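So the first sequence is numbered by numbering that gives the first Met the number 0: it starts at 0 and just counts up by one. Using N, Cα and C, we set each Cβ at its ideal position, and we do this for glycine too. Since the model is a prediction, treat every value here as computed from it, not as a measurement. Input: a single structure, listed below in structure tokens.
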Amino acid sequence: MLDIHFIRENADIVKAGAEKKHINVDIDQLLAVDDKRKALRFELDTKKAEQNRRSSEMRRAQGAEREKLLEAMRHLKSGMAEIDAALKTVMEEWQKLMLTVPNIPDISVPDGDSDADNLEVKRWGEPTTFAFAPKDHVEIMTALGIADFERGAKVAGFRGYFLKGDGVLLANAVWQLALKHFSLKGLEPMSVPSLVRREAFLGTGYLPQGEEDLYKTQDGEYLAGTAEVASMAYYMNEIIDLSADSVRFLSFSPCFRREAGAHGKDVRGLIRVHEFFKWEQVTLCKAEHDESVRLHEQLNRNTEEFIELLEIPYRTVVNCGGDLGLGQVKKYDIELWVPGEGTYREISSASYFHDFQTRRLNIRYRDGEGNLKFPHSLNSTAIPTPRILVSIIENYQQPDGTVTVPKALVPYVGKDRIEGVR
RNA sequence: GGAUGGUUGGCUGAGAGGUCUAAAGCAGCGGACUUGAAAUCCGCCGUACCGCAAGGUACCGCAGGUUCGAAUCCUGCACCAUCCGCCA
0 MLDIHFIREN
10 ADIVKAGAEK
20 KHINVDIDQL
30 LAVDDKRKAL
40 RFELDTKKAE
50 QNRRSSEMRR
60 AQGAEREKLL
70 EAMRHLKSGM
80 AEIDAALKTV
90 MEEWQKLMLT
100 VPNIPDISVP
110 DGDSDADNLE
120 VKRWGEPTTF
130 AFAPKDHVEI
140 MTALGIADFE
150 RGAKVAGFRG
160 YFLKGDGVLL
170 ANAVWQLALK
180 HFSLKGLEPM
190 SVPSLVRREA
200 FLGTGYLPQG
210 EEDLYKTQDG
220 EYLAGTAEVA
230 SMAYYMNEII
240 DLSADSVRFL
250 SFSPCFRREA
260 GAHGKDVRGL
270 IRVHEFFKWE
280 QVTLCKAEHD
290 ESVRLHEQLN
300 RNTEEFIELL
310 EIPYRTVVNC
320 GGDLGLGQVK
330 KYDIELWVPG
340 EGTYREISSA
350 SYFHDFQTRR
360 LNIRYRDGEG
370 NLKFPHSLNS
380 TAIPTPRILV
390 SIIENYQQPD
400 GTVTVPKALV
410 PYVGKDRIEG
420 VR
């Protein structure tokens, strides 16, 4: 959510930002509604002031004087009820509109419609070459008996999967290496709920838009698609202390995604599944743009370093305007080389939001002068499983169908080669 | 699923229809005293909105209601705590 004062004073910037994100929003209508809100508010405040004044006179009034005052108060009250009702209607519309106003993308964000227009800013390593025809991860893992997609579909439905044997070892090894790597970067590990109340989704900007992407329970909670939701809501409605340092969480949770509208996409394998696990970096810092930018680079770099530990070729892109969410100011995606498809596939997203989320969540801190402010928030994928297995398996496959374990994972897997149960 | 109690400012906590402009304490800020600190004493100290200002309005979990007037009474809901039942 943006500050209404900011929107009023910078309507052109807000409009241009929405346009860059290809998001439809009627700022002029919002401003018209806000004018009405202010007028009604003032009218009501004036009447209430009168009511308060007369009410205190009432205490001392006696007899006929009292009757006269009572009569006047009744008149006043009937007028107030109408204004009150009008204000309520206007406020509902106002709130609805305010929730749809997107945050303004940074000037360094390129123009574009979709992920096809994202701009490559870095490339690490060369696409893996093979002296044989490489297979995709579905084929390799199935042959090795470390994943079962057929029974996954039988039991869990479309996009269901089982990991087995060394597939589980590998996933577990990634978690452990991630815990170590990101903890050393100064993040505090946290295990967070996935079953989360609606407020937290509104606060992080996943609702009210995006309802169809979420699973919902019969009790009204939603299943979170990322640990960001619970981690950000951790300090909801609180005043936090940022005087010494920023808040940095390394959050682990199961993640659930309906993938509504993605039915034709990535129908095979572990790229796009309904449930998976993820380590996520979540940060709250002082409301300073430079600090947001510095931490954004840092969070993204943490993940790049992790991928470098696994020695998998990757590239980093800066997302174009059309590929940014409602609250994001700027976003980097890290994409890993996937030999089976001969392309780079997204593994990570690092975004910053300024105070867009903390306003919605009502998280504040006191600055050096003791004033309350909304902090800035950022988040970035640390590493998701099992999607990371796709790139490990395909890049490390051997001609005989086995898979070499990346050096950094060997201590956690307990062996340097996965031979399966053939 | 059932029962009871609770939700007040950064924290603890009073408050039972008009003086609540929310007591008091703690924490915080400023000052006095002190070589400095501690202790002590004095003063200040919630948030948001409207307004150039003076000032005004709202907020005591949330939403309604009663009343001329609600932190206070009534209704519904949410959340927290404890107990019972059920399950693990």
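Check                                                                                                                        : Outcome
Per DSSP, cross-strand counterpart(s) of Pro374                                                                              : None, per the DSSP bridge assignment.
Thr128 burial status per 10 Å Cβ neighbour count (16 or more: buried)                                                        : exposed
Close beta carbons around Met57, own chain, < 8 Å, minus the five adjacent residues each side                                : Arg65, Leu68, Leu69 and Met72
Element boundaries [beta strand (DSSP E), containing Leu249]                                                                 : Val246 to Phe255
Straight-line gap, Pro338 to Leu176 (C-alpha atoms, nearest Å)                                                               : 24 Å
Chain-order list of residues whose beta-carbon lies under 8 Å from that of Ile311 (same chain, five-residue window excluded) : Gly124, Leu335, Trp336, Ser390, Ile391, Asn394 and Pro405
Continuous alpha helix (DSSP H) assignments of at least 4 residues falling wholly in the segment 119-202                     : 136-143, 148-155 and 165-182
Three-state class that DSSP yields for Ala71 in the structure shown                                                          : helix
Integer-rounded CB distance, given that Leu377 should sit under 8 Å from Ser291                                              : 6 Å
Cα-Cα separation between Arg7 and Thr141, rounded to whole angstroms                                                         : 58 Å
Spatial distance of Ile387 from Ile346 (CA atoms)                                                                            : 7 Å
Nearest candidate by alpha-carbon position, reference Arg158, set Lys264, Leu249 and Arg416                                  : Lys264
Asn102 versus Ile12 - alpha carbon distance                                                                                  : 10 Å
Where Ala38 sits in the DSSP three-state scheme                                                                              : helix
Within 7 Å, strictly: CB atoms of Gln280 and Ala381                                                                          : yes
C-alpha distance - Asp332 paired with Trp278, whole-angstrom precision                                                       : 16 Å
Nonlocal neighbours in the same chain, by C-beta distance under 7 Å from Phe275, ignoring five residues either side          : Cys254, Pro383, Thr384, Pro385 and Arg386
Arg300 versus Ile3 - alpha carbon distance                                                                                   : 34 Å
First through last residue of the beta strand (DSSP E) which encompasses Asp332                                              : Lys329 to Val337
Assumed close pair Asp135, Gly268 - CB separation to whole angstroms, cut-off 8 Å                                            : 7 Å
Limits of the unbroken beta strand (DSSP E) element including Lys277                                                         : Glu274 to Cys284
Residue burial classification, Asn117 (beta-carbon count within 10 angstroms, cutoff 16)                                     : buried
Close beta carbons around Ser113, own chain, < 7 Å, minus the five adjacent residues each side                               : Gly321 and Asp322
Option nearest Tyr51 by Cα separation, candidates Ile145, Asp33, Lys19 and Met79                                             : A quick correction: the sequence has Asn, not Tyr, at residue 51. The option with the nearest alpha carbon to Asn51 is Met79.
Whether Arg247 touches Thr302 by CB criterion (7 Å)                                                                          : no
Residue span of the alpha helix (DSSP H) that contains Arg300, given as start and end                                        : His288 to Leu309
Sequence-distant residues of its chain with Cβ nearer than 8 Å to Ala229 (five each side left out)                           : Val191, Pro192, Ser193, Val195, Ala199, Ala223, Ser250 and Ser252
Identified DSSP bridge partners for Thr45                                                                                    : Per DSSP, none; premise fails for Thr45.
One or two residues paired with Gln396 in a DSSP bridge                                                                      : Val402
CA nearest to the CA of Val32, picked from Trp93, Ser77, Arg53 and Glu287                                                    : Trp93
N-terminal and C-terminal residue of the alpha helix (DSSP H) that Ile3 is part of                                           : Ile3 to Glu8
Cα-Cα separation between Gly419 and His180, rounded to whole angstroms                                                       : 28 Å
Proximity winner among His353, Leu43 and Leu183, relative to Phe305 (alpha-carbon distances)                                 : Leu183
Nonlocal neighbours in the same chain, by C-beta distance under 7 Å from Gly185, ignoring five residues either side          : Arg247
Beta-carbon proximity check, Pro207 vs Leu98, cutoff 7 Å                                                                     : yes
Simplified DSSP state of Thr225, which is helix, strand or coil                                                              : coil
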